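Asker: The sequence shown begins at 1 in the numbering used here and counts up by one.
Don't be surprised by glycine CBs; every beta carbon is placed ideally from N, CA and C.
Values in this document were obtained by computation on a predicted structure and should not be read as measured data.
Let me begin by handing over the structure; questions about it come next.
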Amino acid sequence: MRTQVRSVLPSSGESVDGGSHRALLTPEEFQEELVVLGLSGEEFPPQAYLEALEPHLEIEILLRPAESVAETLPRLMARDGKVALVKYHEEHRTAVVLVPDNLPPLARVLATHHELGHLAAGDMPTPGRLASNPPLPHGPGCDPPTKPCPADCPREQEVELRAYYATVAGALGPSSPYAGRMYDVL
Numbered sequence: 001m002r003t004q005v006r007s008v009l010p011s012s013g014e015s016v017d018g019g020s021h022r023a024l025l026t027p028e029e030f031q032e033e034l035v036v037l038g039l040s041g042e043e044f045p046p047q048a049y050l051e052a053l054e055p056h057l058e059i060e061i062l063l064r065p066a067e068s069v070a071e072t073l074p075r076l077m078a079r080d081g082k083v084a085l086v087k088y089h090e091e092h093r094t095a096v097v098l099v100p101d102n103l104p105p106l107a108r109v110l111a112t113h114h115e116l117g118h119l120a121a122g123d124m125p126t127p128g129r130l131a132s133n134p135p136l137p138h139g140p141g142c143d144p145p146t147k148p149c150p151a152d153c154p155r156e157q158e159v160e161l162r163a164y165y166a167t168v169a170g171a172l173g174p175s176s177p178y179a180g181r182m183y184d185v186l
């Protein structure tokens, strides 16, 4: 049975666009997601985050080198301004995260967490979503999956926050200021 963390929490703060949309994900809300995933207070690499997400999203998530699809794919991605990408295959209920092997380690971790953040935020047509609130709007100039969101798009901002939160939480583990059980409402 999948759990949706944000339904446990009250809505946070103001809306991201001054309208009726919800606010961006806070570190506390992300910590609640980590509690549900069993990663709260743990050091974890992107692969562990991926494996924890799979049962909650009810899909298989594969992490592959972009070069494994086509040798020229990383160059094509770079030309399009993409560091990594995620492809969802609805028929197989599988998401494939493609990240070039030649990225520096920190960039690789951030890029992987960014793409996993899209899945956790509900950007793919997955049966379940870890975040229970409706996905944030794409904003002007954003028409996924045909073109990337601009950096100021609320949805892309939330995915970036997820990438940063996951990277920091995974690196700090029990030293994270949000890892205390004070957020464990489950």
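I need the straight-line Cα distance from Pro154 to Ala121, nearest angstrom please.
Answerer: The residue labelled residue 154 in the question sits at position 154 within the sequence shown. The residue labelled residue 121 in the question sits at position 121 within the sequence shown. About 12 Å.
Asker: Is the number of C-beta pairs between the region 35-53 and the region 161-180 that are closer than 8 Å three or more?
Answerer: yes
Asker: Give a single yes or no on whether Tyr49 has its beta carbon closer than 7 Å to a heavy atom of the ligand GTP.
Answerer: The ligand GTP is absent from the structure shown, which contains no ligand whatsoever.
Asker: To which residues of the same chain is Pro45 closer than 7 Å at the C-beta, ignoring the five residues directly before and after it?
Answerer: Within the sequence shown, the letter at position 45 stands for residue 45. The residues are Gly170.
Asker: From this set, Ala111, Val35 and Glu160, which residue's C-alpha is nearest Leu187's C-alpha?
Answerer: Residue 187 lies beyond the stretch modelled for the chain, which goes from 1 to 186, so this question has no answer here.
Asker: Using C-beta distances below 7 Å, list every residue in its chain close to Ala66, excluding the 5 sequence neighbours before and after it, in chain order.
Answerer: Walking along the sequence shown from the start, residue 66 turns up at place 66. Answer for Ala66: Leu73, Pro74, Met77, Leu98, Val99 and Pro100, listed in chain order.
Asker: Assuming the contact rule is C-beta atoms closer than 8 Å, Ala52 and His114 should be a hit. Round their C-beta distance to whole Å, please.
Answerer: Within the sequence shown, numbered from 1, the residue matching residue 52 stands at position 52. Within the sequence shown, numbered from 1, the residue matching residue 114 stands at position 114. Contact flag wrong, Cβ pair sits at about 17 Å.
Asker: Report yes if the CB atom of Leu119 is closer than 8 Å to the CB atom of Ile61, and no otherwise.
Answerer: The count along the sequence shown starts at 1 and reaches residue 119 at position 119. The count along the sequence shown starts at 1 and reaches residue 61 at position 61. The answer is yes: Cβ separation under 8 Å.
Asker: Can you tell me the Cα-Cα spacing of Glu54 and Gly81, whole angstroms?
Answerer: In the sequence shown, counting from the first residue as 1, residue 54 sits at position 54. In the sequence shown, counting from the first residue as 1, residue 81 sits at position 81. If you take the alpha carbons of Glu54 and Gly81, they lie about 28 Å apart.
Asker: Within the region 15-93, note down every full alpha helix (DSSP H) run reaching 4 residues or more, in order along the chain.
Answerer: 27-37, 46-57 and 73-79
Asker: Short check: CB of Ala179 to CB of Tyr49, under 8 Å?
Answerer: In the sequence shown, counting from the first residue as 1, residue 179 sits at position 179. In the sequence shown, counting from the first residue as 1, residue 49 sits at position 49. No, they are not a contact pair.
Asker: Answer yes or no: do Ala109 and Ala95 have a C-beta to C-beta separation smaller than 8 Å?
Answerer: Locating residue 109 in the sequence shown gives position 109, counting from the first residue. Locating residue 95 in the sequence shown gives position 95, counting from the first residue. Before going on, a small fix: residue 109 reads as Val here, not Ala. No, the pair does not count as a contact, with Cβ atoms beyond the cut-off.
Asker: Between the C-alpha atoms of Pro174 and Val83, what's the straight-line distance to the nearest angstrom?
Answerer: Here residue 174 is taken as the residue at index 174 of the sequence shown, counted from 1. Here residue 83 is taken as the residue at index 83 of the sequence shown, counted from 1. So the two alpha carbons sit approximately 30 Å from each other.
Asker: Going by DSSP, which residues form a beta bridge with Leu98?
Answerer: Position 98 of the sequence shown, counted from the first residue, corresponds to residue 98. Paired residue(s): Arg64 and Leu85.
Asker: Would you call Leu269 buried or exposed, if buried means 16 or more other Cβ atoms sit within 10 Å of its Cβ?
Answerer: Nothing about residue 269 can be reported from this structure: the residues present for the chain run from 1 to 186 only.
Asker: Hey, how far is the Cα of Ala70 from the Cα of Leu63?
Answerer: Taking the sequence shown and counting its residues from 1, one reaches residue 70 at position 70. Taking the sequence shown and counting its residues from 1, one reaches residue 63 at position 63. Roughly 15 Å between the two C-alpha positions.
Asker: Is the beta carbon of Leu34 less than 8 Å from the beta carbon of Gln157?
Answerer: Reading the sequence shown from its first residue, position 34 is the one you call residue 34. Reading the sequence shown from its first residue, position 157 is the one you call residue 157. It is not a contact, given that the beta carbons lie outside the stated cut-off.
Asker: Along the chain, where does the alpha helix (DSSP H) containing Ala163 start, and where does it finish?
Answerer: Looking up residue 163 in the sequence shown gives position 163. First-last of the alpha helix (DSSP H) with Ala163: Pro154 to Leu172.
Asker: Grab me the residues of Arg93's own chain with a C-beta within less than 6 Å of its C-beta, minus the 5 sequence neighbours each way, in chain order.
Answerer: Against the sequence shown, residue 93 aligns to sequence position 93. Contacts found: Ile59.
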